[in-house]
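The structure appears below as structure tokens.
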Amino acid sequence: MKATYLDNNATTRVAPEVLEEMLPYFSDLYGNPSSMHSFGGQVAKKLNDARQKVSDIINASPDEIIFTSCGTESDNTAILSALAVNPDKRHIVTSRVEHPAIKALCEHLQEKGYRVTTLDVDSRGNLDMEQYEKSLSADTAAVSLMWANNETGVIFPVEKAAALAHERGILFHTDAVQAVGKVPIDIKKTDISMLSFSGHKIHAQKGIGVLYVRRGTKFLPFMIGGHQEKGRRGGTENTPSIIGLGKACQLAALNLEDENTKVLKLRDRLENEILKRIPNSKVNGGGAPRLPNTTNISFEFVEGESILLLMDEYGICASSGSACTSGSLQPSHVLRAMGVPYTMAHGSIRFSLSTYNTDEDIDLVIGKLPPIIARLREMSPYWNQGTACENM
Amino acid sequence: MWEYTDKVKEHFLNPKNVGEIENPDGIAEVGSIACGDALKLTFKLDENKRIKEARFKTFGCASAIASASALTEMIKGMTVEEAMNVTNQDIADCLGGLPPEKMHCSVLGQEALEKSIEYYRGVPSIVKEGEVICECFGITDKEIEKAIKENHLTTIEEITNYTKAGGGCKKCHDKIQKIIDRAYSQPTAEPEPKERPKLTNIQKIRLIEETIEREIRPSLKHDGGDIDLVDIIGNRVIVATRGACAVCPASQQTLKGFVESKLRELVSPELIVEEVSQ
Chain A
77 MKATYLDNNA TTRVAPEVLE EMLPYFSDLY GNPSSMHSFG GQVAKKLNDA
127 RQKVSDIINA SPDEIIFTSC GTESDNTAIL SALAVNPDKR HIVTSRVEHP
177 AIKALCEHLQ EKGYRVTTLD VDSRGNLDME QYEKSLSADT AAVSLMWANN
227 ETGVIFPVEK AAALAHERGI LFHTDAVQAV GKVPIDIKKT DISMLSFSGH
277 KIHAQKGIGV LYVRRGTKFL PFMIGGHQEK GRRGGTENTP SIIGLGKACQ
327 LAALNLEDEN TKVLKLRDRL ENEILKRIPN SKVNGGGAPR LPNTTNISFE
377 FVEGESILLL MDEYGICASS GSACTSGSLQ PSHVLRAMGV PYTMAHGSIR
427 FSLSTYNTDE DIDLVIGKLP PIIARLREMS PYWNQGTACE NM
Chain B
270 MWEYTDKVKE HFLNPKNVGE IENPDGIAEV GSIACGDALK LTFKLDENKR
320 IKEARFKTFG CASAIASASA LTEMIKGMTV EEAMNVTNQD IADCLGGLPP
370 EKMHCSVLGQ EALEKSIEYY RGVPSIVKEG EVICECFGIT DKEIEKAIKE
420 NHLTTIEEIT NYTKAGGGCK KCHDKIQKII DRAYSQPTAE PEPKERPKLT
470 NIQKIRLIEE TIEREIRPSL KHDGGDIDLV DIIGNRVIVA TRGACAVCPA
520 SQQTLKGFVE SKLRELVSPE LIVEEVSQ
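Line order of the protein sequences matches chains A and B. Residues in the first sequence are numbered from 77 upward in steps of one, following my numbering. Residues in the second sequence are numbered from 270 upward in steps of one, following my numbering.
Below is the structure:
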């Protein structure tokens with residue numbers, strides 16, 4: 077069965093052009109870029125090209141780019157560095173809706189004695205900017221706020237938030253894993269000190285991440301070892317992945333307009349048709365500025381895992397914020413932070429599109445999903461046939 | 270993705286007995302929408318007092334739906350007395366097993382069955398007995414004790430998988446550990462009066478070693494502690510405390526209240542546990 081892939085915020089397919097670019101570096105061109113011989117040197121040259129392309133996508137300079145193994149490593153490196161270079165500051169500001177790469181790290185640091193402010197969001201997922209401004213103090217070592225939310229696609233005003241931190245001399249980090257390639261980013265026009273993103277969300281392969289560190293920002297490495305990445309991240313370079321990421325960034329820059337026109341149009345059609353065809357459904361984060369590719373829809377009185385597995389019967393790939401799929405027993409922390417009621421939170425489905433999606437993909441979902449929801453509602457003790465239940 | 274058996278998939282994709290019986294003999298609703306799964310079970314008896322029809326409505330994941338579907342099939346033709354003996358493990362077995370994290374779905378089915386029979390028998394529906402231990406999911410000590418006893422659970426993780434207790438904010442983990450310790454330090458409710466066969470010295474030593482390894486160490490290690498068996502002199506079991514136990518001011522209570530009573534229960538009632546002198 078053909079997979080209808082609408083889970084691109086989880087991971088994306090490797091673009092054929094990216095794969096082609098990488099292949100020689102798995103086989104013939106296996107040299108170590110640090111070697112003195114020209115066999116390794118040719119790889120070093122290609123690596124420099126890739127670094128240039130990667131820096132271009134956020135309009136940074138190549139020397140501001142550090143390659144890591146994933147978004148999580150970039151996030152961890154940024155926060156731990158900010159704390160290490162500010163040893164007398166004990167306060168971190170973040171939000172309630174961050175990715176676990178930041179959320180779990182901050183919880184860990186809190187246990188270690190750091191003071192952590194986790195900012196609230198409103199029911200649409202918007203950041204409480206007033207609370208943010210009040211939270212900044214002379215003791216604040218770092219702020220970390222995601223650019224766009226992985227579950228809802230809601231975009232935070234990170235440029236404004238970075239400016240407020242910068243005025244107070246506070247390091248500002250953003251997890252831009254979901255934003256790069258979908259939102260135009262000109263890092264030079266912002267006050268962002270550090271920015272993380274990841275290859276596999278933009279059609280490169282898994283296992284490659286990026287940390288941008290603004291020139292002049294004090295930095296201490298997380299991985300201590302060789303001189304690679306100018307001593308900021310030890311370890312032999314993942315050459316095929318870096319070279320693939322260079323290509324992926326080049327493609328992402330070209331596709332940025334597509335994402336905001338073609339993909340946006342597909343997403344809007346999917347969303348509108350679902351809302352029209354399925355009663356008691358609601359978009360989470362619908363009222364906020366959002367990524368063009370993401371929609372997170374709740375279906376009242378049904379449970380997300382069941383929806384996913386029934387869609388799986390048709391090869392439709394999506395994800396859910398329900399407790400049963402999260403590996404924990406509680407529904408998504410993002411939806412809970414937004415105050416989404418339990419009747420809705422357990423039945424949330426995220427569709428995230430890419431430039432590879434077509435109208436046929438959308439047709440399949442809007443054809444198959446309404447009977448799936450109807451069938452599960454018939455089975456649900458909370459659903460009264462034909463009439464909307466009173467809210468609980 | 271969960272690894273569900275073909276049986277689970279079959280019951281999920283083609284659930285049996287969905288719906289609600291009008292004027293049922295037994296009815297129960299368990300779980301809640303906040304917890305993420307809920308089950309409404311109804312049944313009707315025939316003239317021979319056997320379950321003629323059973324139906325369910327479920328809000329929940331694939332394994333919750335499959336558990337309810339399997340349950341309704343299982344109890345058809347049973348008397349209520351027979352149905353009372355159905356355990357959550359029977360439901361899981363009927364499905365060819367459930368992933369450990371999903372065992373609470375089978376527990377939900379068993380609870381609904383028990384409550385619907387209570388309704389049939391006219392036993393007044395009791396407000397939850399016991400003290401609420403897990404505030405997130407409203408699970409009481411009695412429910413945790415029942416799950417431990419029926420499924421031989423030994424870790425907090427297992428308790429969470431079966432009852433959900435401890436799966437939210439995790440603040441109750443200490444309390445749950447205490448319930449586990451208590452459950453294994455007390456002789457079971459009905460002490461077996463039967464005489465234990467007399468052990469030879471070698472048999473006794475082996476049994477002590479095995480009991481420490483299997484029954485005692487895992488609990489101690491959970492709290493960062495450990496003990497080593499140093500010597501056995503007659504009925505005196507000499508041990509050395511390690512890890513957290515070595516520095517724990519309550520280690521004497523652990524040795525007497527837990528280690529000793531466990532060894533007495535499982536090896537010989539005459540045993541005395543002593544800590545090796547430093």
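We put the CB at the ideal spot given by N, CA and C, even for glycine. Note that this is a predicted model, so its numbers are computed, not measured.
Contact list for residue i against chain A, beta-carbon separation under 9 Å
i        : result
ALA307/B : SER456, PRO457, TYR458
Beta-carbon neighbours of residue i, restricted to chain A and to distances below 8 Å
i        : result
VAL284/B : Note on identity: in this sequence residue 284/B is Pro, with Val being the wrong assignment. Residues of chain A passing the Cβ test: MET455.
VAL287/B : GLU454, MET455
PHE281/B : SER382, LEU385
ILE334/B : SER382, MET455
Partner residues on chain B for residue i, Cβ-Cβ distance less than 9 Å
i        : result
PRO407/A : GLY305
PHE377/A : ILE302, PHE328
Candidates the options: closest to residue i by CA position
i        : options                                : result
GLU484/B : THR341/B, GLU529/B, ALA297/B           : GLU529/B
HIS167/A : ASP125/A, SER145/A, LEU212/A, GLY302/A : LEU212/A
LYS384/B : GLU543/B, GLU289/B, ALA297/B, GLN472/B : ALA297/B
ALA413/A : ASP196/A, PHE375/A, ILE354/A, LEU351/A : ASP196/A
ARG339/B : THR348/B, GLY365/B, GLU412/B, ASN504/B : The residue you asked about is not Arg; residue 339/B is Ala in the sequence shown. Residue GLY365/B is the option with its Cα nearest to ALA339/B.
ASN317/B : THR341/B, VAL299/B, VAL349/B, THR327/B : VAL349/B
ARG172/A : ASP164/A, ASN162/A, GLU183/A           : GLU183/A
GLU206/A : GLN186/A, ILE263/A, ALA237/A, VAL230/A : ALA237/A
SER374/A : GLN186/A, GLN118/A, GLY397/A, THR87/A  : GLY397/A
LEU342/A : LEU429/A, ARG353/A, GLU381/A, LEU156/A : LEU429/A
GLU539/B : VAL545/B, SER546/B, LYS525/B           : LYS525/B
Residue i, DSSP secondary structure in three states
i        : result
LEU422/B : coil
GLU534/B : helix
HIS52/A  : Any property of residue 52/A remains undetermined from this structure, which presents chain A solely from 77 to 468.
MET353/B : helix
LEU524/B : helix
VAL286/A : strand
VAL287/B : strand
GLY116/A : helix
LEU310/B : strand
GLU466/A : Residue placement at GLU466/A is poorly supported in this model, since its pLDDT is 44, which falls under 50; the coordinates still yield a value, given next. Three-state result, GLU466/A: coil.
ILE296/B : strand
GLY378/B : helix
ALA434/B : coil
ASP196/A : coil
GLU544/B : strand
LYS444/B : helix
ARG451/B : helix
GLY305/B : coil
GLU379/A : coil
Contacts that residue i makes with chain B (C-beta to C-beta distance below 7 Å)
i        : result
THR419/A : ILE302
GLU381/A : CYS330, ALA331
HIS473/A : Look at the range of chain A in this structure, 77 to 468, and you will see that residue 473/A is not part of it.
Heavy atom of the ligand MG within 7 Å of residue i beta-carbon
i        : result
THR315/A : Only the bare structure without any ligand can be found here, which leaves the ligand MG out of the picture.
Proximal residues of chain A, C-beta to C-beta of residue i below 7 Å
i        : result
GLU298/B : PRO457
LYS433/B : LEU405
GLY437/B : LEU405, GLN406
Contacts of residue i in chain B (Cβ-Cβ under 8 Å)
i        : result
SER398/A : GLY305, CYS330
- Query: For the 8 Å Cβ check, are there 3 or more pairs between the segment 175 to 185 of chain A and the segment 143 to 158 of chain A?
  - Reply: yes
- Jot down the residue ranges of each uninterrupted alpha helix (DSSP H) in the segment 301 to 377 of chain A, minimum 4 residues, whole runs only, in chain order. 315 to 334, 340 to 353
- Uninterrupted alpha helix (DSSP H) stretches inside the segment 218 to 282 of chain A (no shorter than 4 residues): 234 to 243
- Okay, do the segment 86 to 101 of chain A and the segment 285 to 300 of chain A touch, 3+ Cβ pairs below 8 Å being the bar? no
- Message: Three Cβ pairs or more, each shorter than 8 Å: is that satisfied between the segment 361 to 377 of chain A and the segment 196 to 203 of chain A?
- Response: yes
- Query: Between the segment 379 to 390 of chain A and the segment 343 to 363 of chain A, do three or more beta carbon pairs fall short of 8 Å?
  - Reply: no
- the segment 507 to 522 of chain B touching the segment 439 to 454 of chain B, judged by at least three CB pairs closer than 8 Å: no
- Hey, is the segment 275 to 288 of chain B in contact with the segment 315 to 326 of chain B, meaning 3+ C-beta pairs nearer than 8 Å? yes
- Determine, using beta-carbon pairs with one atom in the segment 400 to 407 of chain B and one in the segment 426 to 435 of chain B, whether at least three such pairs fall under 8 Å. yes
- Message: Assess contact between the segment 116 to 128 of chain A and the segment 321 to 330 of chain A, defined as three or more Cβ pairs (one per stretch) separated by less than 8 Å. Is contact present?
- Response: yes
- Task: Examine the Cβ distances between the segment 295 to 310 of chain B and the segment 441 to 450 of chain A and report whether three or more of them are shorter than 8 Å.
- Result: no
- Query: What beta strand (DSSP E) runs, 3 residues minimum, are completely inside the segment 386 to 416 of chain B?
  - Reply: 401 to 403
- Task: Could you pull out every unbroken alpha helix (DSSP H) segment of at least 4 residues lying fully inside the segment 386 to 460 of chain A, listed in chain order?
- Result: 399 to 402, 409 to 413, 418 to 421, 435 to 455
- Task: Could you tell me which uninterrupted alpha helix (DSSP H) segments, each at least 4 residues in length, are contained entirely in the segment 468 to 498 of chain B, listed from first to last along the chain?
- Result: 470 to 480, 486 to 491
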